[in-house]
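S.K.: Please read through the structure below; I'll follow up with questions.
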Amino acid sequence: MIQLYNVSKIYNTGVVALSNIDLHIPKGDFVFLVGPSGAGKSTFIKLIIGSELPTEGQVLVGGKNVSRLKPQEIPLLRRNAGVIFQDFKLLPDKTVYENISFALEVIEVSRKEIRRRVPAILELVGLRDKADMMPNQLSGGEQQRVSMARAIVNNPLVLLADEPTGNLDSDTSWGIMELLSEINHRGTTVIMATHNRDIVNRMKRRVVAIEKGGIIRDEREGAYGYAN
66 MIQLYNVSKI YNTGVVALSN IDLHIPKGDF VFLVGPSGAG KSTFIKLIIG SELPTEGQVL
126 VGGKNVSRLK PQEIPLLRRN AGVIFQDFKL LPDKTVYENI SFALEVIEVS RKEIRRRVPA
186 ILELVGLRDK ADMMPNQLSG GEQQRVSMAR AIVNNPLVLL ADEPTGNLDS DTSWGIMELL
246 SEINHRGTTV IMATHNRDIV NRMKRRVVAI EKGGIIRDER EGAYGYAN
């Protein structure tokens, strides 16, 4: 599903974000990326969706080398990789329904298909009765659920979550994790960067620890491993 071979990312400032990374994430896996702030977790996610390119090495997503994709092929890559952000990134002037449908409109999905998909996704994330609300009328947890709905409405092969519980309280965070687990159970590969020790330790999924741009640990049913 996702393969990194000898991947390094060095920014123009000279900062080494990642160095000689080798990693294989098969289809259907659930992976926590952990490590200190600035370790390279966000850069890792950006490489997978093609918003950053490696300085050296190869990043393969679904068998395709991201560095060799033509500009017009990048949108197709991103359709297969949904992204959830810590700060939600919802469109403030659109309703919940419109925020989700917009993700389909930009890839020219038919109105009929949009009317079929959006209610089904709202049902999955538990927001069927919030469809006509604006983002500022929702709680933080509800806004994150809208962000998740938008990320998965295209049925992506992989879901990338960058600190999705970072701004949420404990109870709301666990609701989000239950939803991520359900999405993973349905076959979507999930990669989540997090500093949440309790979530990682209790869920016992694969843990990849990154420090100073390198992978120092890759464990099945792993633990967070940091004091924070």
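My numbering runs 65 ahead of the 1-based position in the sequence shown. Note that the Cβ used here is the ideal one computed from N, Cα and C, for glycine as well.
(1) What does the alpha-carbon distance come out to for the pair L233 and R180?
(2) Could you check where the alpha helix (DSSP H) with V265 kicks off and where it finishes?
(3) With a CB to CB cut of under 7 Å and the five nearest residues on each side skipped, what residues in its chain are close to K159?
(4) With R282 as the anchor, note down where its beta strand (DSSP E) starts and where it stops.
(5) So T253 and V223 are supposed to be a Cβ contact under 8 Å. How far apart are they, rounded?
(6) Within 8 Å, do at least three Cβ pairs link the segment 137-151 to the segment 91-108?
(7) Grab the span of the alpha helix (DSSP H) containing R210 for me, first residue to last.
(8) Taking the straight line between their C-alpha atoms, what separation do you get for K129 and R143?
(9) Only counting the same chain, and skipping five residues up and downstream in sequence, which positions put a Cβ closer than 6 Å to that of L118?
(10) Report buried or exposed for D227, applying the criterion of at least 16 other Cβ atoms within 10 angstroms of its Cβ.
(11) Pull up the CB-CB distance for N109 and I264, whole angstroms please, since I reckon it's below 8 Å.
(12) Starting from the Cα of T163, find the closest Cα among P200, L134, E188 and give me that residue.
(13) What are the uninterrupted segments assigned as alpha helix (DSSP H) that are 4 or more residues long and contained completely in the segment 135-198, given in chain order?
(14) Restricting to Cα atoms, I'd like to know which of V273, N266, L192, I281 is closest to A288.
(15) How is the alpha helix (DSSP H) around D236 delimited, first residue to last?
(16) Measuring alpha carbon to alpha carbon, tell me which of V96, T120, I67, L98 ends up nearest A82.
(17) At what residues does the beta strand (DSSP E) containing L83 begin and finish?
(18) Under 8 Å, do V211 and V255 count as touching if we go by C-beta distance?
M.R.: Checking against the coordinates, here is how it stands:
(1) Straight across, the Cα-Cα distance linking L233 with R180 is about 30 Å.
(2) Here the alpha helix (DSSP H) through V265 covers 262-268.
(3) Cβ within range, chain order: F167.
(4) Looking at the DSSP string, the run of the beta strand (DSSP E) that includes R282 is 279-284.
(5) Their Cβ separation, rounded to whole angstroms, is 7 Å, which keeps T253 and V223 in contact under 8 Å.
(6) Between the segment 91-108 and the segment 137-151, the count of C-beta pairs closer than 8 Å stays below three; the two stretches do not touch.
(7) Residues 205-217.
(8) Rounded to whole angstroms, K129 and R143 show a C-alpha spacing of 12 Å.
(9) Counting only residues of its own chain and dropping the five nearest sequence neighbours on each side, L118 has a CB closer than 6 Å to the CB of S132.
(10) By the 10 Å Cβ count, D227 comes out buried.
(11) Residue 109 is actually Phe in this sequence, not Asn. Not quite, the Cβ-Cβ distance comes to about 19 Å (not below 8 Å), so this is no contact.
(12) Position check: residue 163 holds Glu in this sequence, whereas Thr was assumed. The residue with the shortest Cα to Cα distance from E163 is P200.
(13) You should have 139-144, 161-170, 176-189.
(14) Per the Cα distances, N266.
(15) It spans 235-250 - the alpha helix (DSSP H) in which D236 sits, taken as one unbroken run.
(16) A check of alpha carbon separations from A82 across V96, T120, I67, L98 identifies T120 as the nearest.
(17) If you look at L83, you'll find it in the beta strand (DSSP E) that goes 81-90.
(18) Against a cut-off of 8 Å, the Cβ pair of V255 and V211 comes out as no contact.
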